[in-house]
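One structure is given below, encoded as structure tokens.
In our numbering, the protein residues as written are 8 to 104.
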């Protein structure tokens with residue numbers, strides 16, 4: 008992401024300075040990248056689901072820092088849907104194992 012784009016994101020009602028917001032978004036983006044990096048090692052589906060679940064929590068935090076109004080609600084709903092789908096897939100896999 009380009010720094011200027013981050014600074015211009017719609018701001019939620021908080022008192023974070025642009026630089027602080029940018030640093031938090033960058034840290035969370037690094038967390039997501041680390042969660043999704045398997046280092047090229049094979050991973051079972053349950054392990055991958057766990058990584059996606061953890062990454063989606065960081066993505067939710069990014070959404071809280073970078074969206075407002077209706078866009079924030081849409082982003083929240085997306086994150087909830089990801090969590091629900093992960094739970095359903097995990098339950099299905101555990102029943103068939």
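For every residue, glycine included, the Cβ atom is placed at its ideal position computed from N, Cα and C.
Just so it is clear, the structure is predicted and the values come from calculations on it, not from any experiment.
Just mark residue i as buried or exposed, buried being the case when its beta carbon has 16 or more other beta carbons within 10 Å.
i: residue 52; result: exposed
i: residue 23; result: exposed
i: residue 29; result: buried
i: residue 73; result: buried
i: residue 70; result: buried
i: residue 80; result: exposed
i: residue 100; result: exposed
Following the continuous alpha helix (DSSP H) through residue i, name the residue where it begins and the one where it ends.
i: residue 99; result: 76-103
i: residue 46; result: No alpha helix (DSSP H) contains residue 46, which DSSP labels as neither H nor E.
So what does DSSP say about residue i, is it helix, strand or coil?
i: residue 38; result: helix
i: residue 29; result: helix
i: residue 23; result: coil
Inter-stretch contact at 8 angstroms, needing at least 3 Cβ pairs: the stretch 35-53 / the stretch 83-95: These segments do not touch.
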